[in-house]
Structure formats: structure tokens, C-alpha cells
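A quick write-up on the structure given underneath.
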Amino acid sequence: MRRCYTLAIVSDIHYASAAEQARGHGFELAGLRNPVKRAALRIYRNAVWIRNPLGMNYLLDRFIAAAGSADYVVCLGDLACDSAFLGLSDDAAFQSARECLDKLHRQFGDRVLVVLGDHDLGKISLAGDRGGMRLASLERASALGLRTFWRIELGRYVLIGVTSSLVALSVFEPDLLGTEKQVWRQLREQHLAEIKKAFDELAQDQRVILFCHDPSALPFLRQHHSVQARLGQIECAVIGHLHSELVLWKSRLLAGMPQIHFLGHSVKRFSTALHDARVWWDFNVKLCPALAGIELLKDGGFYEVKLDAAAISPAEFNFQRIPR
């Protein structure tokens, strides 16, 4: 009888510790004086994205209860709410990530695999006025036992986790401190070397499931010969970050759009990602929505995946909704 593994894949938990909750639901508006921007951001958050980002902790408990029998849990990043936009370098966000991981480890032990997301490392806020990536966030992630790269074998399947913010570092250059840029670039080169080694060492009969928080990294991976040469062995790339299938669908429609440089930092970053988005489907992209989904659809949940260890049949993905 062939061995079968069960994975539970969850993304964008955005857990909020008491310290993050104390900042209040208007944390994104703090310091934003432009009344038009304030009104637009408030409408977007309340009607489309997420009305109460600091009040979704209960969904993690529901996920743990629903996924209790999984052999492995893969978390696709963004553990904390990141209300200061500084990633885990912020004490409150670090506490959020620690509490989130403690809950996962109590149920699943060392069978929890975490991919780092952009909010784990820090990013400039949507309004473009504060925050950014910090090396201290990476150091604190390491203190929690999180790695920028991991690889495990389950029969003929190879699961590979990469850090999208490192792979696509040029997209995040505006988020970096000038004094830290060179170190980030060195870390990226080391990360790409790990990825190259993993793909170079694949046996011909092995199948890859790639885990990557932000699909913006996929075009950069596609440029590397080691990944290009093994594209046929990548069964799928599982991504997070987009929060909803609706956003992925819109990304497909807008793929190839020109880059927009005159409407601020966030629009430039989004348009840059969409400019190269046609490449995403070379990886057979599969989105894991945010645990809470988006406010417009309330379409959150997680994936339960059945893996045939012999890799004779493809992985079976079943989406499990988590009610809000």
C-alpha cells in the first residue's frame, strides 16, 4: 500500500498580540494627514480588504481544530499583523508571531514549516508613509526558529520553501535602509545559492512543490538556469500574499501591464509585479487565500493536500473554508 501524506497549508494569519491590538483599528491611518487618502484607505479596508485586522485571532484556533490530523503544516508567511510595518523588529509584532507559532507548535510539534512573508520582514505601508524591511526582523525570525530556506522530502516529493522578499529584493529596494542594502544583497546571493543547489540536486523522478509567499519572486526564479532546467518537475508553486482568488483572477487579467512610476510607492510595486505576472503560470501557481479572506467575499480558509509519496498521481488540493 502506497504511503500518503496530508498537508495543511495556511497563509496570512496576521495574528495580533495584545500589544498590537492596543494600537487600535486605525493604526494604518496614524500619521496620515491627507483627508482624501484617509477616506480612500478607510473605505478600501472596510468594504474590500479587511475591516477588523486586529480581531481575527480566533480563526487560528479554528484552523488548528480543523487541521489537527495533518502530517505537516505549511504556513506561507505573514504571521503577525505588523501594525508598525517594521516586521518582527517591532516588539509588538514579534510577540504576535511568537504567540502564533506557540499555538501551532503545541498542536503540531516540529511538523510546522514556515515561509517568511513580507510583513514578517517589514514593508512600507500602503499609504507609503512609514515602515520598511529591517535586518533586525530577519534576526528575530531566526530567534523564533524560522529559516529563509528549507527543503524536505516526502517520498518522491520535494517540498521547497523560499523567501520571496529576498528573491525579489530589487522590488523591495525602496523599503530598505541605505545602511542595510549591501547586507540584504549578500543575503540574497546566499539564498539564491541555496535554491540553485536544491534544484541541481533533484533526481529525475522527483516532483517539486514550491512554497513562496509573494508571487513577485517567481519571475526572478524563472531567470535562473537551475530553476529553468527543472520547471517540468515543479508540480506547482503555492503562494499566499494575495489573500483572495479574486485578486489572483484580477492579476491574470492585468498580467503584462506597463509599470506605473508616478502614483506613489505602492502603485509602482503592484504594477511592477503585474508587469511580469504572465510568468507566474509557468509554475502552475496555486493560491492559498488568507485565513480571513477579504471583507468583500469572506472567502478565507486553508488547503488540505493529499500527497502520494510515490508521486504517481498529482497532489490533491482541497480548499477548506473557515467561517468568520
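Note that my numbering has the sequence shown beginning at 285, numbered continuously upward.
Idealized CB from N, CA, C, for every residue including glycine.
DSSP, reduced to helix, strand and coil, places TRP564 within a helical segment of the structure shown.
Per DSSP, the beta bridge partners of ASP592 are CYS288. LYS465 has its alpha-carbon roughly 34 Å from the corresponding atom of LEU530.
Taking the Cα positions, VAL398 is about 30 Å away from ALA331. Take the alpha-carbon of PHE378 and the one of GLY361: they are about 13 Å apart. ILE518: member of the beta strand (DSSP E) spanning 518-523, first to last residue. In the structure shown, VAL357 falls within a strand segment according to DSSP collapsed to helix, strand and coil.
The three-state secondary structure of LYS570, taken from DSSP, is strand.
For GLN512, the enclosing alpha helix (DSSP H) covers residues 509-512. Following the DSSP letters along the chain, one finds TRP333 in no beta strand (DSSP E), marked with neither H nor E.
Judged by DSSP in its simplified three-state form, ALA364 adopts strand. Taking a cut-off of 8 Å for Cβ pairs, the region 579-599 and the region 323-337 touch, as three or more such pairs fall below it. The distance from the Cβ of TYR299 to that of SER380 is about 5 Å, consistent with a contact at the 8 Å cut-off. The region 446-463 and the region 498-505 touch, with no fewer than 3 CB-CB distances between them shorter than 8 Å. The beta carbons of ASP374 and ASP386 sit no closer together than 9 Å.
Taking GLY339 as reference, the option from ALA306, VAL358 and GLY315 with the minimal CA-CA separation is ALA306. Here PHE433 carries a coil assignment [DSSP, helix/strand/coil].
The DSSP assignment places complete alpha helix (DSSP H) segments of no fewer than 4 residues inside the region 378-440 at 402-405 and 419-427, in order along the chain. In the three-state reduction of the DSSP assignment, SER500 falls in the helix class. Distance from the CA of LEU370 to the CA of ALA349, rounded to the nearest whole angstrom, comes to 31 Å. The closest CA to that of GLY352, considering only ALA599, PRO607, VAL467 and HIS389, is found on HIS389.
In the DSSP assignment, ARG608 is bridged to no other residue.
Residue state for GLY585 is assigned as strand, using DSSP reduced to three classes. Straight across, the Cα-Cα distance linking GLY308 with ALA482 is about 43 Å. In the DSSP annotation of this structure, the continuous segment of the alpha helix (DSSP H) that includes HIS475 starts and ends at 465-484. The DSSP-derived three-state label of SER535 is helix. Around the Cβ of THR463, a 10 Å sphere holds fewer than 16 other Cβ atoms; the residue is exposed. Taken through DSSP and simplified to helix, strand or coil, PHE311 comes out as helix. A Cβ-Cβ separation of about 22 Å leaves PRO458 out of contact with HIS527 under the 8 Å criterion.
In the structure shown, LEU372 falls within a helical segment according to DSSP collapsed to helix, strand and coil. In this structure, the CA atom of SER301 is about 17 Å from the CA atom of ARG346.
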